[in-house]
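Enquirer: First, the structure itself, so that you have it in front of you.
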Amino acid sequence: MIKGVIFDLDGVITDTAKFHYIAWKNLASELGIEIDEKFNETLKGIPRLDSLIKILEYGGVRQKYSDTDIDSLADKKNEEYKLLLEELSKDDILPGIEEFIDELRSNNIKIGLASVSKNAPTILKKLELIEKIDFIADPSKVAKGKPAPDIFIEAARGIGLEIENTVGIEDAESGVKAMRACNMRSVGIGVEADLTLKGTSELSLEVISMLDK
Ligand code: B16
Ligand code: MG
1 MIKGVIFDLD GVITDTAKFH YIAWKNLASE LGIEIDEKFN ETLKGIPRLD
51 SLIKILEYGG VRQKYSDTDI DSLADKKNEE YKLLLEELSK DDILPGIEEF
101 IDELRSNNIK IGLASVSKNA PTILKKLELI EKIDFIADPS KVAKGKPAPD
151 IFIEAARGIG LEIENTVGIE DAESGVKAMR ACNMRSVGIG VEADLTLKGT
201 SELSLEVISM LDK
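First residue of the sequence shown? That's 1 in full-length UniProt numbering, and the numbers climb one at a time after it.
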């Protein structure tokens, strides 16, 4: 029985992928690497440092950079990303998400967040949703990012539920893999999962309850 729903952030609650893309593209370009939207798809759900390493490998220049260089390049990208986030507001919540969260809350269903973004609390504050989330899993406290299951396991723990009583919602293949690795039932937004939906506006308690049958 579904007693808790665990949300991914980027691509499910709001579309921050476009800001990540701008910041990564600018950084990559300074390093002489050109990335396009297709490549950006492979970065969805992937933690910051892992994303940068993927970009450097894509450009064939991974060996040129030390771990310290990588840390400072990732910080640089994050500074630009944070500037882009300043324009974020309640209007950037994806269609149907706030109504769905309210429906879950009025049915006493716990709400967790399993985002690998270290900026998640800031983003949720800007969207004015933070008060409605029972637990935000802290990505710095888990050993491995998606596609490892750690962040989903931590979110289920935080809302005090067994994995079997939870359902997770993701837009990225890496996130669906993470849920499958811990046997969490999955809803995919535009990505193949146990229940696949085209967009966030299709989410409702009735729809996700199909996973209980
Ligand atoms: P940050 P999610 C992920 O968010 C993004 O999809 C991914 O592109 C980003 O690199 C990652 O968060 C880390 O974000 O740089 O803000 O810590 O899909 O797990 O909500
Ligand atoms: Mg996502």
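Each residue gets a CB set at the ideal place from its N, CA and C atoms; glycine is no exception.
It should be emphasised that the depicted structure is a prediction, and the values quoted were computed from it without experimental measurement.
Measuring alpha carbon to alpha carbon, tell me which of LEU56, GLU86, ASP50 and PRO47 ends up nearest ILE35.
Expert: If you number the sequence shown from 1, residue 35 lands on position 35. For the residues LEU56, GLU86, ASP50 and PRO47, the minimum Cα distance to ILE35 belongs to LEU56.
Enquirer: Indicate the three-state DSSP secondary structure (helix, strand or coil) for VAL167 in the structure shown.
Expert: For the purposes of this step, residue 167 is identified with residue 167 of the sequence shown, where counting begins at 1. In the structure shown, VAL167 sits in a strand (DSSP, three-state: E or B).
Enquirer: Could you tell me the boundaries of the alpha helix (DSSP H) in which ILE55 lies?
Expert: For the purposes of this step, residue 55 is taken as residue 55 along the sequence shown, with counting starting at 1. ILE55 -> alpha helix (DSSP H) spans 48-58.
Enquirer: Looking at the strands, I want to know which residues DSSP matches up with ILE2.
Expert: For the purposes of this step, residue 2 is taken as residue 2 along the sequence shown, with counting starting at 1. DSSP output for ILE2 lists no bridge partner at all.
Enquirer: Taking the CB atoms as reference points, tell me whether GLY119 and LEU85 lie closer together than 8 Å.
Expert: Along the sequence shown, one-based indexing puts residue 119 at 119. Along the sequence shown, one-based indexing puts residue 85 at 85. The sequence given here has Asn at residue 119, not Gly. Yes, the pair counts as a contact, with Cβ atoms nearer than the cut-off.
Enquirer: Is it true that the CB of VAL187 sits closer than 8 Å to the CB of ALA193?
Expert: Here residue 193 corresponds to residue number 193 of the sequence shown, with the count starting at 1. Here residue 187 corresponds to residue number 187 of the sequence shown, with the count starting at 1. Result yes, Cβ atoms of ALA193 and VAL187 sit closer than 8 Å.
Enquirer: When the Cβ atoms of the stretch 100-113 are set against those of the stretch 123-143, are three or more pairs found closer than 8 Å?
Expert: The stretch 100-113 is in contact with the stretch 123-143.
Enquirer: Taking only three categories from DSSP, how would you classify VAL176?
Expert: Stepping through the sequence shown from its first residue, residue 176 is reached at position 176. Helix.
Enquirer: Shortest alpha-carbon distance to ILE136 belongs to which of ASN108, GLY160 and LEU195?
Expert: The residue labelled residue 136 in the question sits at position 136 within the sequence shown. Per the Cα distances, GLY160.
Enquirer: Should SER139 go down as buried or exposed, given a rule of 16 or more other Cβ atoms within 10 Å for buried?
Expert: Within the sequence shown, numbered from 1, the residue matching residue 139 stands at position 139. Looking at the sequence shown, residue 139 is not Ser but Pro. Buried, by the Cβ-count rule.
Enquirer: Rounded to a whole number of angstroms, what is the C-alpha to C-alpha distance between PRO95 and GLY11?
Expert: Translated into positions along the sequence shown, residue 95 becomes position 95. Translated into positions along the sequence shown, residue 11 becomes position 11. Cα-Cα distance, rounded: 11 Å.
Enquirer: Would ILE163 and CYS182 be called neighbours here (beta carbons separated by less than 8 Å)?
Expert: Counting from 1 along the sequence shown, the entry for residue 163 is found at position 163. Counting from 1 along the sequence shown, the entry for residue 182 is found at position 182. Yes, they are a contact pair.
Enquirer: Could you compute how far the alpha carbon of GLU37 sits from the alpha carbon of TYR21?
Expert: Here residue 37 is taken as the residue at index 37 of the sequence shown, counted from 1. Here residue 21 is taken as the residue at index 21 of the sequence shown, counted from 1. If I take the Cα positions, the gap works out to 8 Å.
Enquirer: Whose C-alpha, out of ILE93, ALA28, THR122 and GLN63, is nearest the C-alpha of LYS76?
Expert: Walking along the sequence shown from the start, residue 76 turns up at place 76. Per the Cα distances, ALA28.
Enquirer: Quick one: residues with CB closer than 5 Å to any heavy atom of the ligand MG, in chain order, please.
Expert: Every residue passing the under-5 Å Cβ criterion appears here: ASP8, ASP10, GLY11, GLY45, ASP171 and ALA172.
Enquirer: Whose C-beta lies closer than 7 Å to the C-beta of ALA143 among residues of the same chain, with five residues either side of it excluded?
Expert: Here residue 143 refers to the residue found at position 143 when the sequence shown is read from its first residue. Answer for ALA143: ASP150, listed in chain order.
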